[in-house]
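Following the UniProt record's numbering from start to finish, the sequence shown increments by one per residue and tops out at 588.
Glycine included, every Cβ here is placed at the ideal spot set by N, Cα and C.
If you're wondering where the values come from, they're calculated on a predicted model, not measured in any experiment.
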Amino acid sequence: MNRIWNSIVGKLWATILLLVSFVLFIVTALLLEFFDNFHTRQAEETLAREAKTIGSIITDHENESAMQLVVNDILNEGTSGIVIGRDGEVDYSFHTSSTNLRKLKDKIVSEDLLGKDNKDGNASKQMILPSMSEPDVSERYLVSAAPLPEEEGSFVVLYQSFEAIHDTTKWTTHIVLLSAFIAFILTTFFAFFLSTRITRPLRQMKEAAFELSKGNFDARIPVKQNDEIGQLSTAFNQMGRQLKYNVELMKQEKEQLSSILTSMTDAVITFNRDNTILLSNPQAEKVLQKWSFINQNSDDLLPPEISHMLEHAVMFEEEVDAELELGRRFFVVKISPLYSKNSIRGAVAVLRDMTEQHQLDKLRSDFIANVSHELRTPISMLQGYSEAILDGVPETVEDNHEMVKIIHDESQRMGRLVTDLLDLARMESGHMRLYKSEIAVAQFLKRMQNKFTQVAKDSNVELEVDPNGFESLKFNADEDRIEQVFTNLIDNAIRHTPDGGKVKLLIDKYPKSIAISVIDTGSGIPEKDLPFVFERFYKADKARTRGKSGTGLGLAIAKNIMESHGGAISAKRGDSEGTIFTTVFPLD
1 MNRIWNSIVG KLWATILLLV SFVLFIVTAL LLEFFDNFHT RQAEETLARE AKTIGSIITD
61 HENESAMQLV VNDILNEGTS GIVIGRDGEV DYSFHTSSTN LRKLKDKIVS EDLLGKDNKD
121 GNASKQMILP SMSEPDVSER YLVSAAPLPE EEGSFVVLYQ SFEAIHDTTK WTTHIVLLSA
181 FIAFILTTFF AFFLSTRITR PLRQMKEAAF ELSKGNFDAR IPVKQNDEIG QLSTAFNQMG
241 RQLKYNVELM KQEKEQLSSI LTSMTDAVIT FNRDNTILLS NPQAEKVLQK WSFINQNSDD
301 LLPPEISHML EHAVMFEEEV DAELELGRRF FVVKISPLYS KNSIRGAVAV LRDMTEQHQL
361 DKLRSDFIAN VSHELRTPIS MLQGYSEAIL DGVPETVEDN HEMVKIIHDE SQRMGRLVTD
421 LLDLARMESG HMRLYKSEIA VAQFLKRMQN KFTQVAKDSN VELEVDPNGF ESLKFNADED
481 RIEQVFTNLI DNAIRHTPDG GKVKLLIDKY PKSIAISVID TGSGIPEKDL PFVFERFYKA
541 DKARTRGKSG TGLGLAIAKN IMESHGGAIS AKRGDSEGTI FTTVFPLD
């Protein structure tokens, strides 16, 4: 029931029903009043007309019995009458019992209905008279008196009970009330019909609006009318199509923005005005996670430096940029305010990781310093010995030959350094060309052993090859470049192994790769230096060179050669002593 009253159908029905009921009530009341007055006036006119007629009949008929019959036929049912003579007595009575006749005559006379003013015409009046049917009971009557023609002072008095008049009024009232009831039923039907015609499209709009709120933008309303409701349905459908287009456009823009943010190498974070994070890309989340992991004792989600920059950008409405070190990494941070019309609603921060750039800059400066250092010594020696020769310092041919030999050795060393630098630059730029062929691993290592046999004997170091049961194993590679790698590794191992030590070449096979290890029994490389041994010019311990200084580029060149073959090279300390260099070659 509450659902009906809360619906627009119930409200329209109740409104129309109340309005029509009020109008029907007013019209019915006015009609009843009108018909009551109309019937009363009509009864008065009828009584007056009958009174005149009866007066004429009484005057014209000498036979009293005939006159009584005629008068009784003229009088309507419920109408009675008397004739009062000039002496004030009742001469004739019609349909009137003699019980209350005296009281009736006295009442009529006392009401002055037969006064002097009633000599020339009729007089009507409503009176309370004794009942004609029941003794000692009074009723309301309509009384009309008319003088008898040619008999001055005599009157015909007719009276009719209001019960007869009310019977006619009741019948009229029943007709009016029946008409009102029919009008009420028709109004109710019309109200429901009208409200249904109006509210059915509205209910469809409500259901379609709920579908739109759920994200179903394909909901449509059937347009069956061309009135305002039909136009509203058309406008609603157009709104749904436009809303779907706008949502799809926003979704595409959001996906595009998300793709851009995801693919960016820079970290992007959007902040609210209260410094809460609204949006961040994966790079930014990684930066924040690293900072939170490093600063686990801090409750701040952001580094204090970024928080200060953010507050400054929001407060002074200007862009802020700085270079910061966050968690042992270097970032260039730029924060710009975000506007909502004329007010600041937050800020966006872009963090660019400059750690690699810092490392490259440091590596570049170290490279220049190392190259300068490596070239300064031979150049100084070349300059010094050449000046000594020019000044005639050598006194004997042997001394002169010794100085020339030193100059020759240092020039060769400079040549090797320049050659290594050129090779390394060519490898790192990707211009190195490989000439691959099938290589038998065991035979290749035997040849390398023969190559360094004399060097190992001179250093009192044992050089051994252990095929480990893989004598027939083969792989594809550029043999000259691979020989360059193992020449460097074996030479370093022999030079860094003390007298009586041992250098072993070991072969291992895995499902998809071959590993060749160079194991020495020297003092080994410290753990802290192992990650840097493949960098250019890096030397873990200058004292370990035992006076046989190299260029410091051999391991860097070896690493580039291995990577160009799709393999890898690594270094680690031995279980008890020495160092193990392992090269891995893919079998495919």
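Would you kindly work out how many angstroms separate the C-alpha atoms of residue i and residue j, rounded to a whole number?
i	j	result
Asn-275	Ser-259	24 Å
Ala-48	Leu-194	53 Å
Met-354	Ile-294	19 Å
Lys-41	Trp-171	One point to set straight first is that residue 41 is Arg, not Lys, in the sequence displayed. So the two alpha carbons sit approximately 17 Å from each other.
Ala-515	Lys-509	6 Å
Glu-248	Pro-304	40 Å
Gln-357	His-312	28 Å
Asn-476	Glu-462	29 Å
Ala-568	Leu-505	17 Å
Thr-59	Leu-142	24 Å
Ser-380	Ser-386	10 Å
Ala-43	Phe-25	27 Å
Ile-57	Met-67	7 Å
Glu-317	Ile-344	7 Å
Val-404	Leu-324	55 Å
Lys-15	Phe-22	According to the sequence as given, residue 15 is Thr; it is not Lys. Going from the Cα of Thr-15 to the Cα of Phe-22 covers about 11 Å.
Ile-407	Lys-474	44 Å
Phe-189	Thr-199	15 Å
Lys-451	Lys-559	22 Å
Phe-444	Gly-500	25 Å
Leu-301	Arg-273	15 Å
Pro-147	Ala-123	9 Å
Leu-31	Val-176	8 Å
Lys-206	Leu-17	25 Å
Leu-232	Ser-213	18 Å
Leu-278	Ala-347	10 Å
Ser-411	Thr-521	33 Å
Ile-182	Gly-81	42 Å
Pro-222	Phe-192	21 Å
Glu-563	Ala-388	46 Å
Val-533	Leu-434	25 Å
Here's the rule I'm using: 16 or more other beta-carbon atoms within 10 Å means buried, otherwise exposed. How should residue i be labelled?
i	result
His-401	exposed
Ile-54	buried
Pro-337	buried
Met-448	buried
Pro-498	exposed
Val-584	buried
Lys-116	Since pLDDT at Lys-116 reaches only 47, below the 50 mark, its modelled position is unreliable, and the value read off the structure follows with that caveat. That one is exposed.
Ser-459	buried
Pro-201	buried
Glu-464	exposed
Ala-208	buried
Glu-50	buried
Gln-252	exposed
Met-250	exposed
Phe-486	buried
Asp-399	exposed
Asp-575	exposed
Pro-378	buried
Compute the beta-carbon to beta-carbon distance between residue i and residue j, rounded to the nearest angstrom, for a pair I have assumed lies under 8 Å.
i	j	result
Val-333	Met-309	6 Å
Ile-507	Ala-571	About 18 Å; that fails the 8 Å criterion.
Leu-530	Asn-488	No, Leu-530 and Asn-488 are not in contact; Cβ-Cβ is about 17 Å, not under 8 Å.
Ser-138	Ile-128	5 Å
Thr-187	Val-20	4 Å
Looking at the strands, I want to know which residues DSSP matches up with residue i.
i	result
Met-264	DSSP output for Met-264 lists no bridge partner at all.
Asp-466	Leu-506
Asp-321	Lys-334
Asn-476	Glu-438
Leu-351	Ala-267 and Val-333
Gln-160	Thr-79 and Leu-142
Gly-55	DSSP lists no partner for Gly-55.
residue 611	Because residue 611 is not part of the residues shown, which for the chain are 1 to 588, the question remains open.
Met-127	Tyr-141
Val-90	Ile-84
Gly-346	Asn-272 and Leu-338
Pro-147	Phe-155
Return yes when the C-beta of residue i is under 7 Å from any heavy atom of the ligand SAH, and no when it is not.
i	result
Lys-254	The ligand SAH is absent from the structure shown, which contains no ligand whatsoever.
Taking 8 Å as the threshold, find out whether the region 233–245 comes into contact with the region 318–338 through three or more Cβ pairs. no
Does the region 339–358 touch the region 262–276, meaning 3 or more C-beta pairs lie closer than 8 Å? yes
Hey, is the region 570–584 in contact with the region 483–502, meaning 3+ C-beta pairs nearer than 8 Å? yes
Under 8 Å, with one C-beta from each stretch per pair, do the region 381–397 and the region 433–451 reach the 3-pair mark? no
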